[in-house]
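The structure under discussion appears below in the form of structure tokens.
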Amino acid sequence: KVKKTLHFCKILGMSCSTSIKDIRKAYQKLVLQLHPDKNPDNSWGQKFQDLGAAYEVLSDEEKRKQYNAYHEKD
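Positions in the sequence shown are counted from 1; adding 4 to them yields our numbering.
Below is the structure:
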């Protein structure tokens, strides 16, 4: 099930029409910046989890279609 409360495209700083290849690049870059080992501040932990959730949905064609269909209604 798609987690509908987060705006995954905004988390990755990308358009929802961005290619999966570019989403993967953005994700990898942000993982290095937000990883809890590099940022022990507790607020980064939630951002890191949100980033993982965003990548899980936007890197999967079927989940991404569901996500985009839901957010077109906004």
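We treat Cβ as the ideally placed atom computed from N, Cα and C, and that holds for glycine.
Since we're looking at a predicted model, the values are computed, not measured.
| task | Count the other CB atoms, across all protein chains shown, that sit within 10 Å of the CB of residue 27; report buried if there are 16 or more and exposed otherwise. | result | Here residue 27 is taken as the residue at index 23 of the sequence shown, counted from 1. Residue 27 comes out buried.
| request: Mark residue 55 as exposed unless 16 or more other C-beta atoms lie within 10 angstroms of its C-beta, in which case mark it buried. | output: In the sequence shown, the residue the question calls residue 55 occupies position 51. Residue 55 should be labelled buried.
| Inter-stretch contact at 8 Å, needing at least 3 Cβ pairs: the stretch 60-71 / the stretch 33-45 | no
| query | CA-CA distance, residue 12 and residue 32? | reply | Position 8 of the sequence shown, counted from the first residue, corresponds to residue 12. Position 28 of the sequence shown, counted from the first residue, corresponds to residue 32. Using only the alpha carbons, I get a separation of about 15 Å.
| query | Is residue 10 helix, strand or coil by DSSP? | reply | Here residue 10 refers to the residue found at position 6 of the sequence shown. If DSSP states are grouped into helix, strand and coil, residue 10 belongs with coil.
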